[in-house]
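Just below is one structure, and these are the notes that go with it.
2 protein chains.
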Amino acid sequence: MKNSSILIAHGAGGQLSHELIAELFLPFLENPVLSNLDDSALLTAPGTRLALTTDAYVVKPLFFPGGDIGRLSLCGTVNDLAMMGAAPLGIAASFILEEGFATEKLERILGSLKAAAEEAGTEVVAGDTKVVERGKADGLFITTSGVGAVPEGVDIQGRNAREGDAVILSGPVGDHEAGILLARGDFSLKGTVLSDCAPLNHLVDAMLGASKEIHVLRDPTRGGLATVLWEIANSSEVGLEVEEEAIQVRSEVMGVCDLLGFDPLYLANEGKLVAVVPEKHAEKVLSAMKSHPLGKSSVAIGRVVAGHPGRVHLKTRIGGHRLLEPLSGEQFPRIC
Amino acid sequence: MKNSSILIAHGAGGQLSHELIAELFLPFLENPVLSNLDDSALLTAPGTRLALTTDAYVVKPLFFPGGDIGRLSLCGTVNDLAMMGAAPLGIAASFILEEGFATEKLERILGSLKAAAEEAGTEVVAGDTKVVERGKADGLFITTSGVGAVPEGVDIQGRNAREGDAVILSGPVGDHEAGILLARGDFSLKGTVLSDCAPLNHLVDAMLGASKEIHVLRDPTRGGLATVLWEIANSSEVGLEVEEEAIQVRSEVMGVCDLLGFDPLYLANEGKLVAVVPEKHAEKVLSAMKSHPLGKSSVAIGRVVAGHPGRVHLKTRIGGHRLLEPLSGEQFPRIC
Numbered sequence: 001m002k003n004s005s006i007l008i009a010h011g012a013g014g015q016l017s018h019e020l021i022a023e024l025f026l027p028f029l030e031n032p033v034l035s036n037l038d039d040s041a042l043l044t045a046p047g048t049r050l051a052l053t054t055d056a057y058v059v060k061p062l063f064f065p066g067g068d069i070g071r072l073s074l075c076g077t078v079n080d081l082a083m084m085g086a087a088p089l090g091i092a093a094s095f096i097l098e099e100g101f102a103t104e105k106l107e108r109i110l111g112s113l114k115a116a117a118e119e120a121g122t123e124v125v126a127g128d129t130k131v132v133e134r135g136k137a138d139g140l141f142i143t144t145s146g147v148g149a150v151p152e153g154v155d156i157q158g159r160n161a162r163e164g165d166a167v168i169l170s171g172p173v174g175d176h177e178a179g180i181l182l183a184r185g186d187f188s189l190k191g192t193v194l195s196d197c198a199p200l201n202h203l204v205d206a207m208l209g210a211s212k213e214i215h216v217l218r219d220p221t222r223g224g225l226a227t228v229l230w231e232i233a234n235s236s237e238v239g240l241e242v243e244e245e246a247i248q249v250r251s252e253v254m255g256v257c258d259l260l261g262f263d264p265l266y267l268a269n270e271g272k273l274v275a276v277v278p279e280k281h282a283e284k285v286l287s288a289m290k291s292h293p294l295g296k297s298s299v300a301i302g303r304v305v306a307g308h309p310g311r312v313h314l315k316t317r318i319g320g321h322r323l324l325e326p327l328s329g330e331q332f333p334r335i336c
Numbered sequence: 337m338k339n340s341s342i343l344i345a346h347g348a349g350g351q352l353s354h355e356l357i358a359e360l361f362l363p364f365l366e367n368p369v370l371s372n373l374d375d376s377a378l379l380t381a382p383g384t385r386l387a388l389t390t391d392a393y394v395v396k397p398l399f400f401p402g403g404d405i406g407r408l409s410l411c412g413t414v415n416d417l418a419m420m421g422a423a424p425l426g427i428a429a430s431f432i433l434e435e436g437f438a439t440e441k442l443e444r445i446l447g448s449l450k451a452a453a454e455e456a457g458t459e460v461v462a463g464d465t466k467v468v469e470r471g472k473a474d475g476l477f478i479t480t481s482g483v484g485a486v487p488e489g490v491d492i493q494g495r496n497a498r499e500g501d502a503v504i505l506s507g508p509v510g511d512h513e514a515g516i517l518l519a520r521g522d523f524s525l526k527g528t529v530l531s532d533c534a535p536l537n538h539l540v541d542a543m544l545g546a547s548k549e550i551h552v553l554r555d556p557t558r559g560g561l562a563t564v565l566w567e568i569a570n571s572s573e574v575g576l577e578v579e580e581e582a583i584q585v586r587s588e589v590m591g592v593c594d595l596l597g598f599d600p601l602y603l604a605n606e607g608k609l610v611a612v613v614p615e616k617h618a619e620k621v622l623s624a625m626k627s628h629p630l631g632k633s634s635v636a637i638g639r640v641v642a643g644h645p646g647r648v649h650l651k652t653r654i655g656g657h658r659l660l661e662p663l664s665g666e667q668f669p670r671i672c
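Protein chains in written order, with my numbering: chain F, 1 to 336; chain W, 337 to 672.
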């Protein structure tokens with residue numbers, strides 16, 4: 001684009017808006033649906049049950065080891081669809097830009113968003129850009145929305161956990177949030193942790209290939225694993241019992257937690273999922289997960305019980321018991 | 337909600353986030369789909385062709401005569417679906433809140449968003465909230481996305497205008513932007529203009545009831561009528577000829593334009609549409625529009641011609657000709 005930074009007029013809907021779209025957004029995101037530049041994107045649904053999701057991304061910093069706001073915003077929305085078992089039909093992306101934001105940064109972010117979309121096998125088919133004055137936003141916020149088709153015979157919802165189900169976790173927890181904390185450099189901590197930011201839809205496809213009888217899927221983002229387990233226990237009105245020993249945490253992540261007094265069970269992830277699966281299908285689902293690159297460290301961490309509905313009991317490493325509550329107060333703002 | 341203003345922890349994904357959703361968002365927006373609080377909303381599509389759209393709303397001020405950011409964000413997205421002939425299946429709303437934003441204002445905005453959804457006959461079925469630090473946003477930004485079903489036999493797209501088609505406008509132009517300018521009070525202008533902000537889907541239903549042979553629909557928002565006509569001429573590679581005399585502008589709006597040196601053809605509207613319709617169906621579509629409260633001032637303003645593709649000729653009141661270009665530079669930032 002000929003301007004090296006964003007002007008207020010890039011948001012005015014006139015010639016400069018057209019230039020922003022034609023010279024910057026379309027070169028990265030172009031596809032036959034988006035290029036129509038109509039008021040909505042036209043999609044065709046192979047099934048009749050649809051999933052719709054939206055998320056605002058305000059992560060700080062915009063670039064971090066393992067990703068950036070572009071990759072994060074695409075993966076997060078694809079993952080929210082995948083947690084309903086839905087295959088993405090199309091993604092809509094809306095950009096709120098601060099006047100003066102560097103075009104070069106926007107290009108990197110769009111390139112990264114596009115690469116993540118390709119990884120997930122989907123496309124950005126609708127979009128919007130707005131520009132606000134200097135000091136009225138923090139560089140760039142992206143809201144991505146997605147619509148997906150739920151395959152026949154799939155019914156995955158937070159309220160579907162049943163007594164006896166196995167609880168499976170797809171890998172070590174805390175990488176994304178620990179990575180963001182280190183990238184901010186606020187605590188003069190040394191070292192780097194890569195965010196686990198990744199699209200989980202192909203992993204979910206592999207799991208559904210093993211069994212369509214998956215009851216619940218959740219990606220433990222803000223609030224972490226503990227909060228997601230608590231939400232499942234509450235939505236399904238069941239108890240959960242999980243083993244601390246089975247939950248993996250990388251040593252670098254544990255190091256960050258030890259220094260800052262954080263609990264890794266409350267750290268956000270952007271490329272992990274929790275699955276609640278009937279006991280008789282658990283082995284084959286777990287095996288399908290382990291065969292996928294994004295699920296190779298998958299492990300059963302507990303089970304659903306009839307007792308203590310709405311409560312999550314953690315059996316600690318030293319044999320004690322701890323009640324897992326949802327995240328209380330703030331841990332760290334703007335991690336996604 | 338017990339807090340009278342937004343805290344950073346309301347965005348953390350833990351207990352306070354749950355409280356924000358349970359005590360503030362759900363009381364306004366609750367419905368069986370949203371209340372599941374799953375990662376995506378499950379919808380059922382009666383047809384197989386879907387429309388998907390998204391828009392960020394950064395309007396300033398948040399409250400203005402005739403509406404507020406809640407009403408605007410709902411109407412704008414319903415209208416983008418309607419411009420493809422699509423009936424809304426569900427709306428997703430994402431909120432970026434500035435720390436310290438007053439809960440009372442958020443309640444008014446949610447109430448207004450809900451009322452507009454009822455007017456349009458749709459619901460917010462998915463949502464997200466994020467909170468950024470003081471000074472990192474300007475109160476509240478909302479991004480709304482919508483998915484809609486396109487009825488069988490309907491094919492409305494910007495590229496479908498054909499030689500001989502009539503161009504119809506649903507009423508006077510410029511009300512929304514003139515209303516926002518006056519509400520800001522930046523120019524010590526007196527008077528009030530009501531924004532025309534309204535959901536147009538029922539008007540479009542009435543038009544499709546008269547004839548499914550509508551070629552193009554566009555709502556002239558940012559960039560105004562002139563920019564939208566230019567976009568249609570370019571997407572369809574046709575020429576347009578329109579009569580200035582047929583285009584209505586309220587005297588209060590004309591007054592604002594005269595004082596500030598603005599052209600009303602470039603002012604944003606949020607409750608008007610332009611329709612391009614085959615000549616033989618124009619009369620019955622126009623008649624259906626006039627019978628609807630939001631289209632009672634509808635009028636044919638011109639036609640599609642084979643000559644000068646990509647160009648819009650305006651026949652002026654005094655009999656001259658003027659080429660309508662898209663909006664150049666910025667007219668006024670943050671009007672939607």
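For each residue, glycine too, the CB sits at the ideal point set by N, CA and C.
Check                                                                                                                                                                             : Outcome
What is the rounded straight-line gap between the Cα of Val490 (chain W) and the Cα of Val467 (chain W)?                                                                          : 41 angstroms
Kindly indicate which residue of W:Cys672, W:Arg558, W:Gly484 and W:Ile492 has the alpha-carbon position closest to the one of Leu388 (chain W).                                  : W:Gly484
Which residues of the segment 23-43 of chain F have a Cβ closer than 8 angstroms to any Cβ of chain W? Give them in chain order.                                                  : Asn36, Leu37, Asp38, Asp39, Ser40, Ala41, Leu42 and Leu43
Grouping DSSP H, G and I as helix and E and B as strand, with all else coil, what is Asp313 (chain F)?                                                                            : The sequence shown places His at residue 313 (chain F), not Asp. Residue state, collapsed to three classes: strand.
Among the residues of its own chain, which have a CB less than 8 angstroms from the CB of Glu104 (chain F), if the five just before and after it don't count?                     : Ser4
Tell me which residue opens and which closes the alpha helix (DSSP H) that Phe364 (chain W) is part of.                                                                           : Leu362 to Leu365
Let me check you understand the geometry: is the CB of Gly164 (chain F) closer than 7 angstroms to at least one non-hydrogen atom of the ligand SAH?                              : You won't find the ligand SAH in this model; it holds no ligand whatsoever.
Taking the runs of the beta strand (DSSP E) that are 3 residues or longer, which of them lie wholly in the segment 543-605 of chain W?                                            : 552-554 and 575-579
Ignore the nearest five residues each way along the sequence and tell me which others in Ala115 (chain F)'s own chain have a CB closer than 8 angstroms to its CB.                : Arg71
So which of W:Glu619, W:Gly607, W:Arg647 and W:Val641 has the shortest CA-CA distance to Pro629 (chain W)?                                                                        : W:Gly607
Provide the residue span of the beta strand (DSSP E) that contains Leu517 (chain W), from first to last.                                                                          : Segment Asp511 to Arg520 is the alpha helix (DSSP H) holding Leu517 (chain W); no beta strand (DSSP E) there.
Measure the alpha-carbon distance for Leu517 (chain W) versus Leu259 (chain F) and round it to whole angstroms.                                                                   : 52 angstroms
Which complete beta strand (DSSP E) runs does the segment 105-145 of chain F hold, if anything under 3 residues is left out?                                                      : 124-132
State the Cα-Cα distance for the pair Thr221 (chain F) and Met420 (chain W), rounded to the nearest angstrom.                                                                     : 35 angstroms
Flag Gln584 (chain W) as yes if its beta-carbon sits less than 8 angstroms from any beta-carbon of chain F, otherwise no.                                                         : no
Ser430 (chain W) versus chain F: which residues are under 7 angstroms apart at the beta carbon?                                                                                   : Thr54, Asp55, Ala56 and Thr143
Which chain W residues sit within Cβ distance under 7 angstroms of Leu16 (chain F)?                                                                                               : Gly665
With 16 other CB atoms within 10 Å as the buried threshold, where does Asp186 (chain F) fall?                                                                                     : exposed
Check the DSSP bridge columns for Val193 (chain F) and list the partner residues they point to.                                                                                   : Paired residues: none, contrary to the question.
Between the segment 264-293 of chain F and chain W, which residues of the former have a C-beta closer than 9 angstroms to a C-beta of the latter?                                 : Tyr266 and Ala268
Nearest by alpha-carbon distance to Ile357 (chain W): which of W:Asn415, W:Gly426, W:Lys396 and W:Leu442 is it?                                                                   : W:Leu442
Just list the residues that DSSP pairs Ala282 (chain F) with in beta bridges.                                                                                                     : Looking at the DSSP assignment, Ala282 (chain F) forms no beta bridge with any residue, so it has no partner.
Against His646 (chain W), what residues of chain F qualify as contacts under a CB-to-CB distance less than 8 angstroms, listed in chain order?                                    : First, the residue type needs correcting, since residue 646 (chain W) is Gly and not His in the sequence shown. Residues of chain F passing the Cβ test: none, with the nearest at roughly 13 angstroms.
Could you round the C-beta distance between Gly545 (chain W) and Ser531 (chain W) to whole angstroms and report it? I think they count as a contact, below 8 angstroms.           : Not quite, the Cβ-Cβ distance comes to about 27 angstroms (not below 8 angstroms), so this is no contact.
Given a limit of 8 angstroms on CB to CB distance, which residues of the segment 116-137 of chain F reach chain W?                                                                : Val125, Ala126, Gly127, Asp128, Thr129, Lys130, Val131, Val132, Glu133, Gly135, Lys136 and Ala137
So Leu52 (chain F) is in the beta strand (DSSP E); what residue range does that whole segment cover?                                                                              : Arg49 to Tyr57
Using only alpha-carbon positions, find the residue among W:Pro535, W:Lys472, W:Pro424 and W:Ala392 that is nearest to Glu455 (chain W).                                          : W:Pro535
Assign Leu140 (chain F) to one of two classes, buried (16 or more other C-beta atoms within 10 Å of its C-beta) or exposed (fewer than that).                                     : buried
Any beta carbon of chain F sitting closer than 8 angstroms to that of Asp416 (chain W)?                                                                                           : yes
Do you know whose CA, among W:Asp555, W:Arg670 and W:Gly665, lies nearest Gln337 (chain F)'s CA?                                                                                  : Residue 337 (chain F) lies beyond the residue range present for chain F, which begins at 1 and ends at 336; the question has no answer from this structure.
Considering His346 (chain W), what are the terminal residues of the beta strand (DSSP E) in which it resides?                                                                     : Premise fails: His346 (chain W) is in no beta strand (DSSP E) and is neither H nor E.
For Asp39 (chain F) and Leu417 (chain W), I'd like the C-alpha separation in whole angstroms.                                                                                     : 7 angstroms
Leaving out the 5 sequence neighbours to the left and right, which residues in its chain are closer than 6 angstroms to Gly500 (chain W) when beta-carbon positions are compared? : Glu615
Please list the residues of the segment 490-517 of chain W that have a C-beta atom closer than 8 angstroms to any C-beta atom in chain F, keeping them in chain order.            : Gln493, Gly494 and Arg495
Mind pulling the chain W residues with CB within less than 7 angstroms of Ala45 (chain F)?                                                                                        : Ala381, Thr384 and Leu386
Using a Cβ-Cβ cut-off of less than 8 angstroms, give me the residues of the segment 251-265 of chain F that come near chain W, in sequence order.                                 : none
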